[in-house]
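Each residue of the sequence shown is one higher than the one before, starting from 1 at the first, in our numbering.
In this text, a Cβ means the ideal position worked out from N, Cα and C, and glycines have one as well.
The structure presented is a predicted model; accordingly, all values stated were derived computationally and were not measured.
See structure below.
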Amino acid sequence: MENRYSVHPEQVKRFTTEELRSHFLMDTLFTENKLTMYYSHEDRVVIGGAAPGQSELKLDAGDFLKTDFFLERREIGIINVGQPGAVKVGDDEYVLQTKDFLYIGMGNRDVSFKSLNGETAKFYFVSSGAHQSYPTQKAALSELKPDRLGDAAASNVRSLYKVIHQDGIQSCQLMMGITMLDENNNWNTMPAHVHDRRMEAYLYLDLEKDSKVFHFMGQPDETRHLVVGNEQAVLSPAWSIHSGAGTSNYSFVWAMAGENYTFTDMDLVPMDGLK
């Protein structure tokens with residue numbers, strides 16, 4: 001588990017490229033036969049990836065969380081971004097095809113990941129604090145109806161899938177979903193916004209080998225950027241915009257935690273407010 005401490009926006013104004021990347025970019029999430037995790041002090045979320053090989057990987061933070069088991073006081077949202085795999089929750093097993101989601105509520109002691117058919121599954125997960133237990137629930141991408149957003153003139157035609165949220169799978173505070181850009185479209189979340197009551201994390205995926213996303217962050221009048229590759233994630237503090245433009249189309253998994261369990265709670269930033 002790697003620690004990521006909170007940073008004041010005044011400090012970020014003077015960061016070098018390497019300092020920005022070391023604080024906000026999670027560039028290694030999926031290593032074969034390994035569980036990789038980052039502990040963010042932004043709303044105490046844990047962001048991680050599991051890439052099980054021939055054997056199962058148990059969801060375990062060792063002594064880091066100072067609890068008897070990972071979900072003792074936490075909930076978790078999971079998406080499989082690799083080959084077909086399964087998540088075991090106690091005696092139950094949930095098979096996840098590519099881009100299927102699973103929510104697991106507080107109090108589930110035994111959780112593990114495994115690949116199926118000899119090909120590596122890649123489970124991306126985000127965990128936040130919880131105060132009560134909600135039922136474990138799977139959401140297959142094929143059964144979800146997206147919101148169609150954007151237009152070709154703005155190069156941002158996309159499908160937005162809201163999965164864990166107020167009107168979907170219930171949770172204490174975690175919200176999670178995926179946005180998929182159409183071919184020949186490359187902008188996300190522009191015009192930009194912030195939400196001072198919640199942090200957010202983006203996992204970028206479905207990028208070609210030589211493609212990158214230029215992820216824009218920072219306060220609206222002090223923007224910076226990170227160059228992000230396939231299957232890399234970005235932490236976005238509550239004070240930061242989170243927008244991106246790719247050299248090709250892509251998808252991104254978004255997850256939020258904090259106050260106000262409402263997807264529409266955001267403060268829009270006019271284009272002339274960006275610098």
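Inclusion of A51 and T98 in the CB contact set at 7 Å is not warranted, their separation being larger than that value.
When the alpha-carbon of S236 is set against those of G246, N230, R224, T247, the nearest one is in R224. Taking a cut-off of 8 Å for Cβ pairs, the stretch 40-51 and the stretch 185-202 touch, as three or more such pairs fall below it.
The beta carbon of L20 sits closer than 7 Å to the beta carbons of R224, L226 from its chain, once the five residues preceding and following it are set aside; these are given in chain order. Taking the Cα positions, D91 is about 49 Å away from E10. Under the three-pair Cβ rule at 8 Å, the stretch 180-196 counts as touching the stretch 148-159. Judged by DSSP in its simplified three-state form, D272 adopts helix. About 6 Å separates the Cβ atoms of P84 and N117, confirming a contact at the 8 Å cut-off. Per DSSP, E183 lies in no beta strand (DSSP E) and is assigned neither H nor E.
Three or more beta-carbon pairs drawn from the stretch 160-169 and the stretch 139-149 are found closer than 8 Å, and the two stretches are therefore classed as touching. For G258, the closest C-alpha among the options Q219, Y204, A238 is that of A238.
In this structure, D267 sits away from H215, with a CB-CB distance that is not shorter than 7 Å.
Contact between Q137 and Y103 holds: their C-beta atoms lie close to 5 Å from each other, under 8 Å.
At least 7 Å separates the beta-carbon of I76 from that of V253. Of L203, D272, L57, I169, the smallest CA-CA separation from I178 is found for L203. By the CB criterion at 7 Å, L181 and N249 fall inside the cutoff.
Under the DSSP assignment, T31 falls outside any beta strand (DSSP E); it carries neither an H nor an E label. By the neighbour-count criterion, in which a residue is buried when 16 or more other Cβ atoms sit within 10 angstroms of its Cβ, D27 is exposed. The residues H41, in chain order, have a CB closer than 6 Å to that of Y5 in the same chain once the five nearest residues on each side in sequence are set aside. For R21, the enclosing alpha helix (DSSP H) covers residues 17-24. With 16 or more neighbouring CB atoms inside 10 Å of its own CB, N108 falls in the buried class.
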